[in-house]
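Step one of this worksheet: look at the structure below.
Protein chains: 4
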Amino acid sequence: MALQSQPARRWRRRKDARPAEIVTAALEVFAERGFSAARLDDVAARAGISKGTLYLYFPSKEELFKAVVREALLPNLERVERLLRTHPGPAAAQLEMMVSQIGALLQGTQIGVIPKLIIAEAGNFPELARFYLKEVVQRGLGLLAGILERGIASGEFRAVDVGHGARTVIAPVLLAAIWKTTFEAHAGARLDAEAFLRAAVDVVLSGLRADGRG
Amino acid sequence: MALQSQPARRWRRRKDARPAEIVTAALEVFAERGFSAARLDDVAARAGISKGTLYLYFPSKEELFKAVVREALLPNLERVERLLRTHPGPAAAQLEMMVSQIGALLQGTQIGVIPKLIIAEAGNFPELARFYLKEVVQRGLGLLAGILERGIASGEFRAVDVGHGARTVIAPVLLAAIWKTTFEAHAGARLDAEAFLRAAVDVVLSGLRADGRG
Amino acid sequence: MALQSQPARRWRRRKDARPAEIVTAALEVFAERGFSAARLDDVAARAGISKGTLYLYFPSKEELFKAVVREALLPNLERVERLLRTHPGPAAAQLEMMVSQIGALLQGTQIGVIPKLIIAEAGNFPELARFYLKEVVQRGLGLLAGILERGIASGEFRAVDVGHGARTVIAPVLLAAIWKTTFEAHAGARLDAEAFLRAAVDVVLSGLRADGRG
Amino acid sequence: MALQSQPARRWRRRKDARPAEIVTAALEVFAERGFSAARLDDVAARAGISKGTLYLYFPSKEELFKAVVREALLPNLERVERLLRTHPGPAAAQLEMMVSQIGALLQGTQIGVIPKLIIAEAGNFPELARFYLKEVVQRGLGLLAGILERGIASGEFRAVDVGHGARTVIAPVLLAAIWKTTFEAHAGARLDAEAFLRAAVDVVLSGLRADGRG
DNA sequence: GATGAATGAGTATTCATTCAT
DNA sequence: GATGAATGAATACTCATTCAT
């Protein structure tokens with residue numbers, strides 16, 4: 629029974645790992661070239677497999693693209709949600725934590741290419757745009773708006789439109805993601821995403837606390 | 629004067645207008661499909677000319693793309709620069725004016741697709757990325773940083789890193805551009821870009837004025 | 629005006645001729661290899677054009693295949709119908725004429741490959757099978773059945789089921805078509821299709837005239 | 629007796645039966661799709677084995693195809709030959725028996741797809757075409773010609789070219805096979821192959837008996 | 001023997017680019 | 001200048017075949 633229930637140990641392990649390996653390779657290639665210009669040959673080569681093997685795991689280039697977007701983002705968003713639930717506190721502290729978490733990701737991983745890909749391909753993949761809008765953007769904005777509402781209710785913040793406020797908080801994050809994936813390679817100097825985001829969130833939070841145009 | 633001043637001849641005017649007509653058509657098609665997926669057949673059809681004629685004006689798809697980016701943005705940036713020169717005033721007022729100008733453009737024109745295209749294709753067009761970085765991004769950030777410096781010197785703003793500050797000011801503009809070109813078609817409701825930018829700049833300026841976290 | 633109204637004489641002439649040239653080339657290649665195994669490269673080469681040019685005239689391999697079937701058969705069937713209308717006479721004479729016309733075509737042209745292709749690909753092209761069944765098979769069987777009915781009514785033939793009778797008359801034609809396209813290349817000797825069909829129709833007509841098993 | 633008579637071991641029986649099971653499955657798939665379009669995945673699935681196992685029994689798709697043709701036809705031809713040897717009688721009766729045997733097969737089995745496959749793939753498999761021509765077609769025509777010769781010698785039939793006569797007799801069988809495999813699925817009504825063949829052979833035999841064009 | 005994961009050669013199709021008219 | 005027919009390089013996808021387990 630033992631042998632039968634662990635058949636082909638080496639292969640099995642590979643088979644389980646393959647999808648993730650492919651998605652990782654694909655993320656890199658899509659990030660460098662965009663969806664259309666990415667060649668599946670390159671994805672396969674970078675994943676160390678043959679072109680045909682790709683098709684054992686993903687039925688088409690489009691499905692591979694969708695898998696890349698899904699797998700690369702949702703886990704992170706869920707991590708942040710968990711963190712917020714388990715670390716209550718003042719609204720400002722929560723916003724700072726949220727932005728700094730994302731800043732660390734932008735600094736340390738390739739995650740910034742995902743919004744870049746979405747921005748580039750939303751026109752060609754309406755379904756994917758809707759998925760991302762609903763599962764990432766609106767969910768994220770909803771989180772932020774909730775925190776802002778709490779802050780307003782508690783008197784921490786002045787009464788602003790929370791939809792606008794949420795976008796104002798997240799805008800520097802978007803800018804940092806785009807900067808790192810689009811311009812940093814061509815600019816002379818690196819942008820320290822974490823420092824920038826600390827500074828930006830400081831300004832924005834100050835602005836939310838202040839009681840008007842003063 | 630000669631060539632430019634013969635507006636009587638319709639045909640001649642046509643010929644002179646061609647490049648601009650083509651660039652306009654191309655902007656639309658690139659905006660809808662992205663660079664790779666855009667077909668020159670479609671551009672030609674939308675410009676009301678034959679595919680062959682395109683090549684009388686632009687030597688390749690890449691050059692057409694570059695022309696689109698150049699022609700669609702620089703005039704606007706120059707207009708803003710002129711406006712700032714001719715309308716001096718407090719730093720905050722200038723920032724408000726600058727953002728509101730861009731907000732009106734985003735609301736009223738297709739200009740938001742340009743950054744979208746740059747973001748999407750920077751990897752494939754390093755030269756274009758450098759051009760845009762230098763001629764648009766750094767020039768725009770420089771303008772903003774200059775205003776911030778003046779504001780800090782005059783005591784209007786607290787002493788922040790002007791590079792970070794400039795990005796914090798422009799971030800909501802970028803978010804609005806991306807929202808309108810990427811998500812608005814799929815979201816239930818429109819984003820009122822001008823209202824959002826007014827609210828965002830109000831928060832950011834308040835934050836810049838405030839004297840710290842207090 | 630002259631020049632404008634005869635634009636591109638050489639090209640125009642080619643453009644008009646191209647579809648027919650391509651269909652002819654395609655008929656040959658499909659005949660030799662069958663639909664699946666036929667390569668569009670070969671079709672293009674045999675038509676003396678590039679692969680891309682094929683797609684200016686036919687949107688897909690399938691549509692090319694359908695065009696081949698349509699163009700190669702219907703004109704011949706229509707010719708036979710016209711001949712029958714313009715040459716009335718005894719039923720037997722009409723049947724003989726019809727079969728001998730087809731025999732001459734089988735002997736002199738590649739037309740026999742069309743039924744071969746239909747037989748081979750009916751499973752993969754149900755639409756085409758229906759088209760051929762309706763426009764060729766049932767129309768042809770209807771013609772034959774009509775002649776048989778006339779012959780029975782006039783006492784020329786004994787009373788047989790005209791559906792079965794029509795198929796009995798046409799069966800040798802089908803056999804000849806298949807023999808020539810499938811086996812003749814491998815058999816030592818040629819089949820003289822016209823002689824065979826004369827002999828076969830003689831036997832069948834005798835059998836239709838005879839008054840039973842006698 | 630040994631191997632054949634160990635029906636107790638299920639596994640052993642399985643192993644012996646495999647080739648036949650595979651050939652049966654392959655016949656079905658080839659029948660539905662044709663040779664090129666048939667996928668070995670489908671054959672394997674229908675035979676209830678893995679794709680790799682196919683290659684333990686047949687070294688290539690082509691060899692499997694040949695095996696299908698060989699195994700599906702020869703036993704039947706041999707059965708008919710045996711029947712003719714063991715049931716002497718008048719030539720007409722033998723022809724009727726032969727055709728009715730085949731008619732029953734066409735009605736009751738998938739055997740009609742074999743000629744269809746040969747017709748479709750003769751160009752791509754010259755060796756197979758030659759095999760089929762020699763082992764089936766010429767052997768069958770030889771049988772028929774022999775009977776016709778006997779009938780002519782005995783005065784049962786008039787003096788016809790026996791090559792032509794044999795083809796005239798078998799032509800309705802071919803038509804019935806093609807009708808059932810190619811058109812019946814798309815025609816409104818079924819063709820009763822046995823009734824048609826009875827009627828056709830009646831006409832043909834009458835024609836062979838009749839003493840000329842009378 | 002049996003499996004099915006992996007391979008890579010083969011092909012339909014697209015589209016930027018050219019050039020004869 | 002303007003056209004659009006023609007080209008052919010480029011690439012997603014399929015599937016017969018192999019082979020480690």
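Chains as they are written, first to last, in the working numbering: chain V, 629 to 842; chain U, 629 to 842; chain R, 629 to 842; chain X, 629 to 842.
Cβ coordinates follow ideal geometry from the N, Cα and C atoms, glycine included.
At 4 residues or longer, what runs of the alpha helix (DSSP H) sit wholly inside the region 640–694 of chain R?
668–675, 679–685
How about Ala636 (chain V): is its C-beta nearer than 7 Å to some C-beta of chain U?
Low confidence applies to Ala636 (chain V): its pLDDT is 42, below 50, so where it sits in the model is not reliable enough to give any reading.
Measuring CA to CA, which of R:Leu776, R:Gly676, R:Gly791, R:Leu711 is closest to Asp820 (chain X)?
R:Gly791
For Phe753 (chain U), three-class secondary structure by DSSP
Reduced to three states, the DSSP call for Phe753 (chain U) is coil.
How about Thr652 (chain V): is its C-beta nearer than 7 Å to some C-beta of chain U?
no
What residues from the region 799–819 of chain V come within 7 Å of chain U, judged by C-beta to C-beta, listed N to C?
Ala799, Pro800, Leu802, Leu803, Ile806, Thr810, Phe811, His814, Ala815
Can you find at least 3 beta carbon pairs, one from the region 813–829 of chain U and one from the region 723–732 of chain U, that sit closer than 8 Å?
yes
If you reduce the DSSP assignment to three classes, tell me which class Glu812 (chain X) lands in.
coil
Can you tell which of U:Glu656, U:Val741, U:Ala781 has the C-alpha that lies nearest to the C-alpha of Val671 (chain U)?
U:Glu656
Taking the C-alpha atoms as reference points, what is the distance between Ala665 (chain V) and Ser678 (chain X)?
37 Å
Quick one: what's got a C-beta closer than 6 Å to Trp807 (chain R)'s C-beta in the same chain, skipping five residues either side?
Leu819
Pick from R:Glu784, R:Ala838, R:Asn704 that is closest to Gln738 (chain R), judged by C-alpha positions
R:Asn704
Simplified DSSP assignment, three categories, for Leu711 (chain V)
helix
For Glu706 (chain U), count the other beta carbons within 10 Å of its own beta carbon; 16 or more makes it buried, fewer makes it exposed. Which is it?
With fewer than 16 other beta carbons inside 10 angstroms of its own, Glu706 (chain U) counts as exposed.
Quick check for students: name the residue ranges of the beta strand (DSSP E) that lie wholly in the region 788–812 of chain U, counting only runs of 3 or more.
The region 788–812 of chain U contains no whole beta strand (DSSP E) run of 3 or more residues.
Beta-carbon proximity check, Leu723 (chain U) vs Val797 (chain U), cutoff 7 Å:
yes
Leaving out five residues on either side along the sequence, give the residues of the same chain with a beta carbon under 7 Å from the beta carbon of Tyr685 (chain X).
Arg646, Pro647, Ile650
Buried or exposed for Gly816 (chain R), please, with buried defined as at least 16 other CB atoms from any protein chain shown within 10 angstroms of its CB.
exposed
Proximity winner among X:Ile747, X:Leu803, X:Gly662, X:Val801, relative to Ala813 (chain R) (alpha-carbon distances)
X:Ile747
Looking only at C-alpha atoms, which of V:Ala804, V:Ala838, V:Glu784 sits nearest to Ala719 (chain V)?
V:Glu784
For Glu763 (chain U), which of helix, strand or coil comes out of DSSP?
helix
So if I threshold CB-CB distances at 9 Å, which residues from the region 735–763 of chain V count as touching chain U?
Pro743, Lys744, Leu745, Ile746, Ile747, Ala748, Glu749, Ala750, Gly751, Asn752, Pro754, Ala757, Arg758, Tyr760, Leu761, Lys762
Could you give the DSSP three-state label for Arg837 (chain X): helix, strand or coil?
Arg837 (chain X) carries a helical assignment under DSSP once its states are collapsed to helix, strand and coil.
Under 7 Å, Cβ to Cβ, is there at least one residue of chain U near Gly662 (chain V)?
yes
Three-state secondary structure (DSSP) of Ser633 (chain X)
A caution first: Ser633 (chain X) carries a pLDDT of 41, below 50, which makes its placement in the model unreliable, though a value can still be read off. Three-state DSSP puts Ser633 (chain X) in a helix.
Using CA atoms only, rank isn't needed, just tell me which of U:Arg837, U:Thr652, U:Leu772, U:Ala799 is closest to Arg713 (chain U).
The shortest C-alpha separation from Arg713 (chain U) is found at U:Leu772.
Just tell me which of R:Phe663, R:Thr681, R:Gln735 has its CA closest to the CA of Leu756 (chain R).
Selected option, being the one with the closest Cα: R:Phe663.
Using 8 Å for Cβ pairs, my map puts Leu733 (chain X) next to Gly793 (chain X). What's the rounded Cβ distance?
Actually they do not touch by this definition, with Cβ atoms about 22 Å apart.
By how many angstroms is the C-alpha of Glu690 (chain U) removed from the C-alpha of Leu745 (chain V)?
Each residue's alpha carbon lies about 20 Å from the other.
Span of the alpha helix (DSSP H), counted from its first residue to its last, around Leu819 (chain U):
From DSSP, Leu819 (chain U) is part of no alpha helix (DSSP H); its letter is neither H nor E.
Along the alpha helix (DSSP H) that carries Ser782 (chain V), what are the first and last residues, could you check?
Note, Ser782 (chain V): premise wrong, no alpha helix (DSSP H); not H, not E.
Anything in the region 665–698 of chain R with a Cβ closer than 8 Å to a Cβ of chain X? List those residues in chain order, please.
Listed by position, the residues of the region 665–698 of chain R near chain X (Cβ gap below 8 Å) are Ala665.
Are any of the Cβ atoms in chain U nearer than 7 Å to that of Gly842 (chain V)?
Residue confidence is low: Gly842 (chain V) scores 42 on pLDDT, short of 50, so the model does not pin down where it sits. Its coordinate-derived value is still stated next. Gly842 (chain V) counts as touching chain U.
Rounded C-beta distance between Arg786 (chain V) and Ala721 (chain V)? I'm assuming under 8 Å.
About 18 Å; that fails the 8 Å criterion.
Hey, how far is the Cα of Leu631 (chain V) from the Cα of Pro687 (chain X)?
Residue placement at Leu631 (chain V) cannot be trusted, given a pLDDT of 39 that sits under 50; the coordinates are not used to answer.
Beta-carbon separation (whole angstroms), Val696 (chain R) vs Ala654 (chain R), contact threshold 8 Å
With a beta-carbon spacing of about 5 Å, Val696 (chain R) and Ala654 (chain R) fall inside the 8 Å limit used to define contacts.
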